[in-house]
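Colleague: Read in order, the letters of the sequence shown are residues -19 to 280 in my numbering. By construction, the Cβ of each residue, glycine as well, lies at the ideal position given by its N, Cα and C atoms. Encoded as structure tokens, here's the structure I'll be asking about.
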Amino acid sequence: MGPTASGKTALAVSLVERFPLEIISVDSALVYRGMDIGTAKPDAVTLARAPHHLLDIRDPTETYSAAAFCSDARCLMADIVARGRVPLLVGGTMLYFRALLRGLDDLPRADAALRHKLEAQADARGWPALHAELAEVDPVTAARLAPNDSQRIGRALEVFRLTGAPMSALLDRAQSELPYRVLQLALVPSDRAVLHRRIAARFDAMLAEGLIDEVRSLRRDHVLKSGLPSMRAVGYRQAWAYLDGDIDLKALREQGIAATRQLAKRQLTWLRSWHAVMLDCLAEDLEVQAMAQVASHLKS
């Protein structure tokens, strides 16, 4: 687990080459086909060295939920274990990790009518207003969400209106333990400024590699709306605004980097409240430390 740009993929590939592991991606954006540049999806060379499960399993017009992830991940884990190997879950979508480790059994299914009503309210009042409403009924959930995180704000309000209980309380109550011993490694930078520089460099690289053209192609090849989960991903929503003429290239870069930094901040806040082995992702001996942890876990 770790924030964006913390080096999760590189470390995971090194671990796979040393131990009998198979990678399961824990990322809500990597599931989408055609979204390669803006998600920093592993390239063909990397995937040849270390194949990843749960990449490219949805079209960008579709949704993918934490419940769907849990179902897919549990099936994959059982298959990997049956073949005498060990699942290595790698990613930064913290809700997916939480759902897998603690369960989401108490959350109600999505309600299309209620979601449409919430979206209409957001159109009239703005998502920050609905975020403020969420803060009144579920301050724990609201604190970890950005004021414009439409997908998650909408889901949290939907859960509250359907059950009368805050989603955070339902998540704390839900338990669905995995039938495995779990080693949790969290990559946390000792210097936040270095992570910020990595984020800026990576976003610049995405722009140079053709992020704008990628979004242009997605819009041409699919019937997309800006509110879809795929297009709400960091980088994609800024590129969408640029293609619509709402912002210029400079603003695209500035807003994309700022949004990525905010995402990393939320990921780090989550990790620091989670019980995991904390490793400095900037340490020169990070790989050695991680391998020692994994070796010890596999032997025990």
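#1: Roughly how many whole angstroms lie between the Cα atoms of aspartate 7 and arginine 105?
#2: Hey, how far is the Cα of leucine 187 from the Cα of alanine 123?
#3: In this structure, how does DSSP classify histidine 32 when only helix, strand and coil are distinguished?
#4: Any idea what DSSP makes of methionine 15, helix, strand or coil?
#5: Going by CA-CA distance only, name the one from His111, Gln101, Arg29 and Phe183 that's closest to glutamate 234.
#6: Can you check whether the CB of aspartate 52 is closer than 9 Å to the CB of glycine 14?
#7: Nearest CA to the CA of arginine 287: which residue from Arg199, Ser197, Ala109 and Ser130?
#8: Between leucine 114 and the rest of its own chain, which residues show a CB-CB distance below 8 Å, the 5 nearest in sequence each way excluded?
#9: Assign leucine 175 to one of two classes, buried (16 or more other C-beta atoms within 10 Å of its C-beta) or exposed (fewer than that).
#10: Measure the alpha-carbon distance for leucine 158 versus histidine 255 and round it to whole angstroms.
#11: Just grab the DSSP bridge partners of glycine 207 for me.
#12: Just to confirm, is the Cβ distance from isoleucine 192 to alanine 219 under 9 Å?
#13: Compute the distance between the beta-carbons of threonine 19 and leucine 243, then report whether it is under 9 Å.
#14: If you follow the beta strand (DSSP E) that proline 67 is in, where does it begin and where does it stop?
#15: Between glycine 225 and glycine 215, what straight-line distance do the alpha-carbon atoms span, to the nearest angstrom?
#16: Got a sec? Which residues, its chain only, sit under 6 Å from tyrosine 12 by beta carbon, not counting five neighbours each side?
#17: Around the C-beta of cysteine 55, are 16 or more other C-beta atoms found within 10 angstroms, so that it is buried, or is it exposed?
#18: Mind reading off the beta-carbon distance from isoleucine 60 to glutamate 2? Whole number of angstroms is fine, and I expect it under 8 Å.
#19: Taking the alpha carbon of arginine 246 as the reference point, which residue from Leu232, Cys261, Val168 and Arg200 has its own alpha carbon closest?
#20: Nearest to arginine 161 by alpha carbon, out of Thr(-11), Gly(-13), Lys279 and Ser5?
#21: Select from Asp265, Leu150, Leu110 and Arg212 the residue whose C-alpha is nearest the C-alpha of threonine 240.
#22: Would you mind stating whether glutamine 273 and leucine 165 have Cβ atoms separated by less than 9 Å?
#23: How big is the Cα-Cα spacing for leucine 98 and alanine 28?
#24: Measure the alpha-carbon distance for aspartate 23 versus aspartate 260 and round it to whole angstroms.
#25: In the structure shown, what three-state DSSP assignment does aspartate 260 receive?
#26: Of the choices Thr143, Gln101 and Asn128, whose alpha-carbon is the least far from that of valine 117?
Modeller: So, from the data block:
#1: Take the alpha-carbon of aspartate 7 and the one of arginine 105: they are about 30 Å apart.
#2: Between the C-alpha atoms of leucine 187 and alanine 123 there is a straight-line separation of about 31 Å.
#3: Reduced to three states, the DSSP call for histidine 32 is strand.
#4: Residue state, collapsed to three classes: coil.
#5: Minimum Cα distance to glutamate 234 is reached at Phe183.
#6: No, the Cβ-Cβ distance between glycine 14 and aspartate 52 is not below 9 Å.
#7: Here the chain comprises residues numbered -19 to 280, so residue 287 is not present and cannot be evaluated.
#8: Once the five neighbours on either side are set aside, the close Cβ partners of leucine 114 are Thr121, Ala122, Leu125, Ile133, Ala136, Leu137 and Phe140.
#9: Flag for leucine 175 reads buried.
#10: Those two C-alpha atoms are separated by around 16 Å.
#11: For glycine 207, which the question treats as bridged, DSSP gives no partner whatsoever.
#12: With contacts defined as CB atoms closer than 9 Å, isoleucine 192 and alanine 219 qualify as a contacting pair.
#13: Remark: C-beta atoms of threonine 19 and leucine 243 do not approach each other more closely than 9 Å.
#14: Element bounds for proline 67: 66 to 71.
#15: Computed Cα separation, rounded: 15 Å.
#16: Excluding positions up to five away in sequence, the list reads Arg38, Pro40 and Ser210.
#17: Around the beta carbon of cysteine 55, a 10 Å sphere encloses fewer than 16 other beta carbons of the protein chains shown; the residue is thus reported as exposed.
#18: With a contact defined as Cβ atoms closer than 8 Å, isoleucine 60 and glutamate 2 qualify at about 5 Å.
#19: Ranking Leu232, Cys261, Val168 and Arg200 by CA distance to the CA of arginine 246 puts Val168 first.
#20: Of Thr(-11), Gly(-13), Lys279 and Ser5, the residue nearest in Cα terms is Lys279.
#21: Of Asp265, Leu150, Leu110 and Arg212, the residue nearest in Cα terms is Arg212.
#22: A contact, by the Cβ cut-off of 9 Å.
#23: Rounded to the nearest angstrom, the two C-alpha atoms are 44 Å apart.
#24: About 25 Å.
#25: Three-state DSSP puts aspartate 260 in a strand.
#26: Looking at the Cα atoms, Thr143 is the closest of the given residues.
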